[in-house]
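Student:
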Amino acid sequence: MKILVCVKQVPEPDAVIRVDDRKRWIRAEKSIAYKMNRFDEFAVEEALRIRKAFPGTRVDAVSVGPDRAAMVVKRAIGMGADNGVHMAIEDHGYLSPFTVASLIAGYARDRHYDLILTGVMAEDDMQGMVGPMLAELLFLPCATFIIFEKISPGTETIYVEREIKGGYRDALEIKLPAVLTIQGGINKPRYPSLSNMLRAKNQKLKTIVPGLNEQPRQREEVMRVSYPQKSRSGMVLKGNQQEKAAQLLKILREKTLI
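My numbering puts the first residue of the sequence shown at 165, with every later residue one more than the last.
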């Protein structure tokens, strides 16, 4: 079995982010620290667990981005991935999900992966479109928000459960090859081991520089980026203690917090 995991580099949560002069994206500063997208860590961990259940499985990690994005591919190898692929592009600010999905699809199309995993969304722009777009471009079935998966030996399908509104789950059986977007909480991502980090340091990544004819035409454009406005809003619950408790419980359920 061959598994491809898509990973993204995002700024650290406590990094100081400044909007650029054109107000189209964040300012690229060397002082900003980056890390692997948290949801992608769950996808890498799930791929490694599948490999453990099916010896002989190969796990590849791929990332699209400037030179610094190679760091998250190295981290995936440090966690245990077998190979890393860096699709190197120049840093021109915002990179649309369609562009990322198109570049990854171009790489994966003839490599016959049985399973492609992505995180459910990106922490920086909060978009979760790369996985579904990738599936559409490769003509593969796709399931999102996966919280459980199981592949039975000798079958060509994967059983998955996905989160839906209200804490309920969809149960699906999907024919392989397929694309899954992995939800946080499906597992506990491991820390990179020392031996794997040494291997990642010495292992040469496969670097692909897409030509101009391989890069898709932009289909969307960021019109404006601004800092969030400070605001205070609240809700006053009325009634006796039991009525207030019932109202609070209803609000928490509607927001799928419980």
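We put the CB at the ideal spot given by N, CA and C, even for glycine.
(1) How far does the beta strand (DSSP E) with residue 216 in it reach, from first residue to last?
(2) Taking residue 193 as the reference, give the member of 176, 214, 395 with the closest Cα.
(3) Tell me the DSSP secondary structure of residue 300 in three-state form.
(4) Are three or more beta carbon pairs between the stretch 194-212 and the stretch 230-244 nearer than 8 Å?
(5) Check for me: the beta strand (DSSP E) holding residue 263 runs from which residue to which?
(6) What does the Cβ neighbour count give for residue 335, buried or exposed, with the cut at 16 atoms within 10 Å?
(7) For residue 227, which beta-bridge partners are listed by DSSP?
(8) CB-CB under 7 Å to residue 276, same chain, minus the five flanking residues each way: which ones, in chain order?
(9) Label residue 328 either buried or exposed according to how many other C-beta atoms from any shown protein chain fall within 10 Å of its C-beta, with 16 as the threshold for buried.
(10) State buried or exposed for residue 393, treating a residue as buried only when at least 16 other CB atoms are found within 10 Å of its CB.
(11) List the endpoints of the continuous beta strand (DSSP E) containing residue 313.
(12) Name the two residues that bound the continuous alpha helix (DSSP H) containing residue 408.
(13) Please state the DSSP three-state secondary structure of residue 401.
(14) According to DSSP, is residue 335 part of a helix, a strand, or is it coil?
Tutor: On the basis of the coordinates in this document:
(1) Bounds of any beta strand (DSSP E) do not take in residue 216; it lies within the alpha helix (DSSP H) bounded by 202-217.
(2) Residue 176 is the option with its Cα nearest to residue 193.
(3) In the three-state DSSP reduction, residue 300 falls in the helix class (H, G or I).
(4) Short answer: they touch.
(5) Annotation for residue 263: no beta strand (DSSP E) segment contains it, though the alpha helix (DSSP H) segment containing it runs 261-272.
(6) Classification of residue 335: exposed, given that the 10 Å Cβ count is below 16.
(7) Note: residue 227 sits in a beta bridge opposite 250.
(8) The beta carbon of residue 276 sits closer than 7 Å to the beta carbons of 166 from its chain, once the five residues preceding and following it are set aside; these are given in chain order.
(9) Counting Cβ neighbours within 10 Å, residue 328 comes out exposed, since fewer than 16 surround it.
(10) Per the 10 Å Cβ criterion, exposed.
(11) Its beta strand (DSSP E) spans residues 306-314.
(12) Counted as a single uninterrupted DSSP element, the alpha helix (DSSP H) harbouring residue 408 occupies residues 405-418.
(13) Coil.
(14) For residue 335, the secondary structure class from DSSP, reduced to helix, strand or coil, is strand.
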